[in-house]
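Chemist: Residue numbers (the numbering used here), protein chains in the order written: chain A, 111 to 446; chain L, 385 to 719. No residue lacks a Cβ here, since even glycine has one placed at the ideal position from N, Cα and C. Since the model is a prediction, treat every value here as computed from it, not as a measurement.
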């Protein structure tokens, strides 16, 4: 993980660039002749980029569009508009055949290690299956050797390969999921809430493993989570999403020490710190209300109905994401 | 010391019949809660925190059984009561709030009817009065346009609003004790903060006691007066919240606190971990249940289960064989 990260500017080193991404889901009425009566703007004009070897955290509350963004990057959802450039290639509209070799390069670690592993496969085959699907195992010996190597990489003992997923604890199952994701030697790994289903004492083990693997294999992570302290710990830069939009992008430490967007500030104030003294010393200004529906998002800045600092122009004008002191923020308080 | 505690659990042991035989889920748990106090019970899955809470209102179901212990609430032993008598207490003097409001609310009844139900049942109030009172309660939990929403069904509300309805139901009969089992785990953080602030404020106003069951050490730090830490069915440490965070005395509590990334810690550093995983409750080791994962383990730990004993300051207890000073020293070396 690069230690000092001067944020911003998609450079030649960008592994992934997402520009103006929109993913809208149609809302229909009627049974036979389905009439389109509107759309859910799950992701609406999202731009960010990932440099090679970095971890980009994506945070936000349910319905903010973080997981939909990830699925679009993986091309598991068709983008409505915008561009996704991966390893210098525009993959936004590649067909399945052309996408296939690229799929090896982008892999995913899922949230729930209990439902994402085939219960009827031995662990060695769960891990090795991608090699078979992509025709990468030359012969049985090479296949076995690669599976052993992957198991060793994630800290699983060789004999565990003979067992079935249900025989493992949550933490070990997540190791299996990670080994499977690494089988095809991807450059980008999308981690969707990889530790939120695990117990606290097990979370740290998996977070450490992900960081070790990044160092050894030069992986780039798109790390999606709602636990802000975990995201801060693992990320070089963090993007905060609200109702389908990115409201702020900043280096991890900057985001926590000097959050710019009122939503980021509210989010941080809402998270209680595991230390009564420290927690009492922080602002606890709670925001009222809940996230509105993405089908009828508020006009202008989508956060304005809950924003304690909303001004008249926030209700009509959508603030663009602009650079301020090395961060990016979409808020009228910061001009633009 | 002030008068008798509102709730006094002593020596509680609970086991469950499973495919693999009898499993001891709660082992010799003793707890006291006073009026106006918030006690947090923290622990990971399988630590016995929810089972302890369910035992209080005798909600263990068919498979669970209390093997030993007493649960004295307001002078009455709840475990000795007739079914009819415990039913009269549930939702009246002791109320419970669960994690999933969607699965605890009845989907085919309006929220007005559901909030009015306990008032009608326990206070013998006519429907009309109970319904009016439900409107007031929904207002107290700050549901916007409360009177207009009495006729709504649970599916028409968001998760946060449903949890507010659950709180309104819990408060309906002005309970002396509220047990909230992971009340905000299914909610977003900004909504979690709203709900917990509300719960805390309302219990404080009524001088009720609150038992908050959670795995989130942040929530505990912000909202609890006292904490009991559970591991593999036993309480391993209990203390006033500030004392617990300032000087955790059990190696498990210390390990747990160290393994949470702090909001001002070094980014990218490896987190201290507790190696291994919690033991299988069906095959607990004979000594301390944490012995297999403890960095300070020695001979005695493997043979004899440790008892809860004073750990320095008043009201701070821990169950550990380790000499208190030695534990502190080794913890510093590790840090």
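1) Taking the alpha-carbon of residue 437 (chain A) as reference, which of A:399, A:369, A:151 has the nearest alpha-carbon?
2) Measuring only the C-alpha atoms, how far is residue 154 (chain A) from residue 123 (chain A)?
3) Whose C-beta lies closer than 6 Å to the C-beta of residue 217 (chain A) among residues of the same chain, with five residues either side of it excluded?
4) Which whole runs of the alpha helix (DSSP H) in the stretch 574 to 627 of chain L are 4 residues long or more, in chain order?
5) What is the DSSP secondary structure of residue 211 (chain A), counted as helix, strand or coil?
6) Could you tell me which residues DSSP pairs with residue 460 (chain L) in its beta bridges?
7) Which residue or residues does DSSP assign as beta-bridge partners of residue 129 (chain A)?
8) Just tell me which of A:281, A:343, A:444, A:376 has its CA closest to the CA of residue 362 (chain A).
9) CA-CA distance, residue 233 (chain A) and residue 240 (chain A)?
10) Residues in the same chain with beta-carbon distance under 6 Å from residue 454 (chain L), minus the five sequence neighbours each way, listed in chain order, please.
11) Quick check on this structure: which residue in L:620, L:644, L:536, L:649 has the alpha carbon closest to the alpha carbon of residue 636 (chain L)?
12) Within the chosen definition, does the stretch 208 to 223 of chain A reach the stretch 249 to 264 of chain A through at least 3 CB pairs nearer than 8 Å?
13) Looking at the C-beta of residue 225 (chain A), does it have a partner C-beta in chain L at a distance below 8 Å?
14) Helix or strand or just coil, what does DSSP make of residue 702 (chain L)?
15) Quick check: what's the CA-CA separation for residue 489 (chain L) versus residue 250 (chain A)?
16) Cα separation between residue 159 (chain A) and residue 201 (chain A)?
17) Kindly give me the distance between the Cβ atoms of residue 496 (chain L) and residue 534 (chain L), rounded to whole angstroms, as I take these residues to be in contact under 8 Å.
18) Could you say if the stretch 375 to 384 of chain A and the stretch 593 to 605 of chain L meet the contact criterion of at least three C-beta pairs nearer than 8 Å?
19) List the endpoints of the continuous beta strand (DSSP E) containing residue 165 (chain A).
20) Indicate the three-state DSSP secondary structure (helix, strand or coil) for residue 515 (chain L) in the structure shown.
21) Closest by CA to residue 435 (chain L), which one among L:598, L:505, L:634?
22) Can you tell me the Cα-Cα spacing of residue 486 (chain L) and residue 451 (chain L), whole angstroms?
23) Beta-carbon separation of residue 612 (chain L) and residue 425 (chain L) under 8 Å?
24) Output, in sequence order along the chain, the residues in the stretch 357 to 383 of chain A whose CB is closer than 7 Å to any CB in chain L.
25) In the structure shown, what three-state DSSP assignment does residue 442 (chain A) receive?
26) Suppose you measure from the CA of residue 114 (chain A) to the CA of residue 173 (chain A); what does that come to, to the nearest Å?
27) Quick check on residue 396 (chain L) - is its C-beta less than 8 Å from some C-beta in chain A?
28) Compare the C-beta of residue 312 (chain A) with all C-beta atoms of chain L and state if any pair is closer than 8 Å.
29) Quick one: which residues of the stretch 419 to 445 of chain A get their C-beta closer than 8 Å to a C-beta of chain L? List them in chain order.
30) Helix, strand or coil for residue 526 (chain L)? Go by DSSP, reduced to three states.
31) Is any non-hydrogen atom of the ligand FMN found closer than 7 Å to the C-beta of residue 667 (chain L), if you look at the structure I gave you?
32) At a Cβ threshold of 8 Å, is residue 276 (chain A) touching chain L?
33) Can you say whether residue 280 (chain A) is buried or exposed, counting buried as having 16 or more other CB atoms within 10 angstroms of its CB?
34) What beta strand (DSSP E) runs, 3 residues minimum, are completely inside the stretch 214 to 264 of chain A?
35) Under the three-state reduction of DSSP, which class applies to residue 506 (chain L): helix, strand or coil?
36) Considering just the uninterrupted stretch of the alpha helix (DSSP H) at residue 363 (chain A), what are its terminal residues?
Modeler: In short, the structure shows the following:
1) The residue with the shortest Cα to Cα distance from residue 437 (chain A) is A:369.
2) Distance between the alpha carbons of residue 154 (chain A) and residue 123 (chain A) is about 26 Å.
3) Once the five neighbours on either side are set aside, the close Cβ partners of residue 217 (chain A) are 291, 296, 299.
4) List check, alpha helix (DSSP H) in window: 601 to 607.
5) In the three-state DSSP reduction, residue 211 (chain A) falls in the helix class (H, G or I).
6) Note: residue 460 (chain L) sits in a beta bridge opposite L:457.
7) Residue pairing from DSSP places residue 129 (chain A) in a beta bridge opposite A:193.
8) Taking only the C-alpha atoms, the option nearest residue 362 (chain A) is A:343.
9) Distance between the alpha carbons of residue 233 (chain A) and residue 240 (chain A): 13 Å.
10) Cβ within range, chain order: 394, 461.
11) When each option's Cα is compared against that of residue 636 (chain L), the closest is L:620.
12) Taking 8 Å as the limit for Cβ pairs, the verdict is that the stretch 249 to 264 of chain A does not touch the stretch 208 to 223 of chain A.
13) Chain L has no Cβ within less than 8 Å of the Cβ of residue 225 (chain A).
14) Reduced to three states, the DSSP call for residue 702 (chain L) is strand.
15) Going from the Cα of residue 489 (chain L) to the Cα of residue 250 (chain A) covers about 55 Å.
16) Just so you know, the alpha carbons of residue 159 (chain A) and residue 201 (chain A) end up roughly 14 Å apart.
17) Taking 8 Å as the upper bound for CB-CB distance, residue 496 (chain L) and residue 534 (chain L) are in contact here, some 3 Å apart.
18) Judged by Cβ distances under 8 Å, the stretch 375 to 384 of chain A makes contact with the stretch 593 to 605 of chain L, as three or more pairs qualify.
19) Per DSSP, the unbroken beta strand (DSSP E) holding residue 165 (chain A) starts and ends at 165 to 169.
20) Residue 515 (chain L) falls in the helix class under three-state DSSP.
21) Sorting L:598, L:505, L:634 by C-alpha distance to the C-alpha of residue 435 (chain L) places L:598 at the top.
22) So the alpha carbons of these two residues sit roughly 32 Å apart.
23) Against a cut-off of 8 Å, the Cβ pair of residue 425 (chain L) and residue 612 (chain L) comes out as a contact.
24) Going along the stretch 357 to 383 of chain A in chain order, one finds 362, 363, 366, 376, 377, 380, 381, 382, 383 with a Cβ nearer than 7 Å to chain L.
25) Note: residue 442 (chain A) maps to helix in three-state DSSP.
26) A caution first: residue 114 (chain A) carries a pLDDT of 41, below 50, which makes its placement in the model unreliable, though a value can still be read off. Roughly 32 Å between the two C-alpha positions.
27) Closer than 8 Å: no.
28) Chain L contact via Cβ: present.
29) Going along the stretch 419 to 445 of chain A in chain order, one finds no residue with a Cβ nearer than 8 Å to chain L.
30) Coil at residue 526 (chain L), not helix or strand.
31) Annotation note on the ligand FMN: not contained in the displayed structure, which lists no ligands.
32) No, no contact with chain L.
33) Residue 280 (chain A) should be labelled buried.
34) Listed in chain order, they are 216 to 219.
35) Residue 506 (chain L): helix per DSSP, three-state reduction.
36) Segment 362 to 367, the alpha helix (DSSP H) holding residue 363 (chain A).
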